[in-house]
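In the order they appear, the protein sequences are chains F and B. Letter by letter, the first sequence follows residues 1 to 267 in this note's numbering. Letter by letter, the second sequence follows residues 1001 to 1267 in this note's numbering. Working notes, structure below.
There are 2 protein chains.
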Amino acid sequence: MPKDEVRVSPDDRGYYFGDGVYEVFRIYGGKLYEKAAHMRRLEHSAREVRLPLPCPLAEIDDILERLTAESRLAEGTLYMQITRGEAVRSHPFPAGAASVLMAYCSEVVRPKLTMETGISAVTHEDIRWLRCDLKTLNLLPNVLAKQTAQDHGVQEVVLHRSGTVTECSASNVMIISDGVLRTHPANHLILHGITRAVVLELARGLGIQVREEAFGLDELREAEEVFITGTTVEVTPIVRIDGQPIGSGEPGIVTRRLQTAFEATFR
Amino acid sequence: MPKDEVRVSPDDRGYYFGDGVYEVFRIYGGKLYEKAAHMRRLEHSAREVRLPLPCPLAEIDDILERLTAESRLAEGTLYMQITRGEAVRSHPFPAGAASVLMAYCSEVVRPKLTMETGISAVTHEDIRWLRCDLKTLNLLPNVLAKQTAQDHGVQEVVLHRSGTVTECSASNVMIISDGVLRTHPANHLILHGITRAVVLELARGLGIQVREEAFGLDELREAEEVFITGTTVEVTPIVRIDGQPIGSGEPGIVTRRLQTAFEATFR
């Protein structure tokens, strides 16, 4: 149906509590990229917050495929969220509520310019809850972090817990330090990015040493290269952090290799 | 308008991000209880997440007063939330979006039975973000905590950070230990409850020594009395925690005095 005609109930638990989970899929060449991985993560998020899916995963898969086909988009995103449904406001899980699924496609072009030139970032304390592995609708801290970037005239925020780098406001962050690729382990403190997983596998395939190991702000600032990974940003270099250049201040050679390898996965 | 006719946009940032703040007011004798304190907290929450109020506070006040009067409720609650409004989904604050205020009244009777007999609780790790002083729509951890209580067949969860008690899933918690009333200080780790503030003032007035000082799980379990405070629960004794009785397993004498004093503030 036309998005203008979609109307959510004020009693939807997504609206009261952010009580829901979501996924953003990338569409490349008219197809959902890494669909299976997104579906697994959706299942994980839903299971951990004990949110019943509105129908079996295979049916959700069908809905998303139909939506993608009907959108006729070659390049875009598919946004999907599932909330715990409509019920009189009360914290515990409601009896008999039906989960509400909403999904739509949007045209989104690849961020070629920023992938080429790199972006700037600032660092900021990570004050989120301790289940950042769950892709839920409780995104206010991410909103505030992203706004902090905007306030500083930069594109991203690198978050850290008391000096230990976790991820960015809506992407994962990786560094090249002494030729080794390092990124925070996929535990409860970061989102387990689909692009993150693809890039780590590509790096290993290219013979780059990979360590899923936390690093500090000092190592971030002194890294040879820094880049972010994410569904829409793909592999985007960070060339400046808190006003200081990373390495030469230009996108690095390993980042470039990973960008090329990543592009080859959907070309 | 009738609640059934209210329809929220799927692009409301409350629905995507939980990007909003809220208050729950108590109605006693047809009047909004401690209205000024709630309005101050609303202003604080909105300012800290940089959410523009849809109109001056005095106008919101008028709306709430009219709503309360038209509800003709003697005893109830007024729920109000304000979101950052409708915009294409993107994390940073949207340009030109209009904040959306929703408010309604419900009949809610005083929980006389549980105030009389007390409730049971379980303890659980507090995994929320580090701005629990803000009353925002990011309530999924509170939902999960409250559900944990329900799963254990009890009414509340006492949250703790690595053993330091903070508050409950939707109320503040206080103990009487060696005759002294103790409760977590009103910093970024707990909601600054309106009832909490009223009760602390009443306690001081009754000559009870008050210490706003964090305490641990051991002190909680060995306390003479434990009770929670909140807009709808007022002053409710906790008589069992994790299956073990608190003190004699009956509501304590200080708790009783505070209940009586609290009731006198609106009778």
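Heads up, the beta-carbon is just placed ideally off N, CA and C, and yes, glycines get one too. Every value quoted in this text rests on a predicted model; they were computed, and no experiment measured them.
In this structure, the beta-carbon distance from F/VAL233 to F/SER162 does not fall below 8 Å.
Using a CB distance below 7 Å, the part of the segment 100 to 130 of chain F facing chain B consists of MET102, ILE127, ARG128, TRP129, LEU130, ordered along the chain. Within chain B, the residues ARG1050, HIS1091, PRO1092, PHE1093 have their CB atoms less than 8 Å from the CB of F/GLN147, given in chain order. The contact set of F/TYR79 on chain B, defined by CB atoms closer than 8 Å, consists of ARG1089 in chain order. When F/TYR28, F/ILE63, F/HIS188 are compared, the shortest CA-CA separation from F/HIS44 is found for F/HIS188. Around the Cβ of F/GLY153, a 10 Å sphere holds fewer than 16 other Cβ atoms; the residue is exposed.
Taking all protein chains in view, the Cβ of F/THR166 is crowded by 16 or more other Cβ atoms within 10 Å, so the residue is classified as buried.
Of all alpha-carbon atoms in B/CYS1168, B/ILE1246, B/ALA1197, the one lying nearest the alpha-carbon of B/HIS1038 is that of B/ALA1197. Minimum Cα-Cα distance from B/GLU1075 among the listed residues B/PHE1025, B/PHE1262, B/VAL1226 corresponds to B/PHE1025. Below 8 Å, enough C-beta pairs join the segment 1251 to 1265 of chain B and the segment 1215 to 1231 of chain B to call them touching: three or more. Each residue's CA atom was taken as its position, placing F/LEU134 and B/PRO1141 some 12 Å apart. B/PRO1141 has a beta carbon lying within less than 8 Å of a beta carbon in chain F. By the rule that beta-carbons nearer than 8 Å mark a contact, F/ARG256 does not touch chain B. Nearest CB-CB separation between B/ARG1007 and chain F: below the 8 Å threshold. Closest in alpha carbon position to B/GLY1193, among B/ALA1046, B/GLY1018, B/ARG1041, B/PRO1052, is B/ARG1041. F/ASN138 belongs to the set of residues whose beta carbon lies under 8 Å from a beta carbon in chain B.
Contact of F/ALA214 with chain B is not assigned, every C-beta pair being separated by 8 Å or more. In this structure, the CA atom of B/HIS1124 is about 15 Å from the CA atom of F/ARG131. Just so you know, the alpha carbons of F/CYS55 and F/GLU23 end up roughly 16 Å apart. For the segment 152 to 178 of chain F, the residues whose beta carbon sits under 8 Å from a beta carbon of chain B are, in order, SER169, ALA170. The C-alpha of B/ASP1004 lies about 32 Å from the C-alpha of F/GLU48.
About 23 Å separates the beta carbon of B/ASP1019 from that of B/THR1077, a gap too long to meet the 8 Å contact definition. Taking a C-beta cut-off of 8 Å against chain B, none of the residues of the segment 52 to 67 of chain F qualify. The C-beta of B/MET1174 has 16 or more other C-beta atoms within 10 Å across all chains shown, which makes the residue buried. Scanning chain B for C-beta atoms nearer than 7 Å to the C-beta of F/ASP19 yields LEU1140, VAL1143, reported in chain order. For B/LEU1144, the uninterrupted alpha helix (DSSP H) run begins and ends at 1140 to 1151, by DSSP. If you compare the alpha carbons of F/LEU113, F/TYR104, F/ALA95 with that of F/GLN259, the shortest gap goes to F/LEU113.
A straight line joining the alpha-carbon of F/LYS146 with that of F/GLU156 spans about 6 Å. Taking 8 Å as the cut-off, the Cβ atoms of B/ILE1060 and B/VAL1158 do not count as close. Per DSSP, the unbroken beta strand (DSSP E) holding F/ILE175 starts and ends at 172 to 177. If you keep only unbroken beta strand (DSSP E) runs of at least 3 residues inside the segment 1198 to 1225 of chain B, you get 1210 to 1212. DSSP assignment within the segment 17 to 88 of chain F yields the following whole alpha helix (DSSP H) runs of 4 residues or more, N-terminal first: 35 to 48, 57 to 71.
In this structure, B/LEU1053 lies away from B/SER1009, with their beta-carbon atoms at least 8 Å apart. Judged by their CB atoms, F/VAL199 and F/PHE262 are nearer to each other than the 8 Å cut-off. Boundaries for B/MET1115: no beta strand (DSSP E) harbours it, while the alpha helix (DSSP H) harbouring it runs 1112 to 1117, taken from the DSSP string. Within the DSSP secondary-structure output, F/SER106 pairs in a beta bridge with F/THR77.
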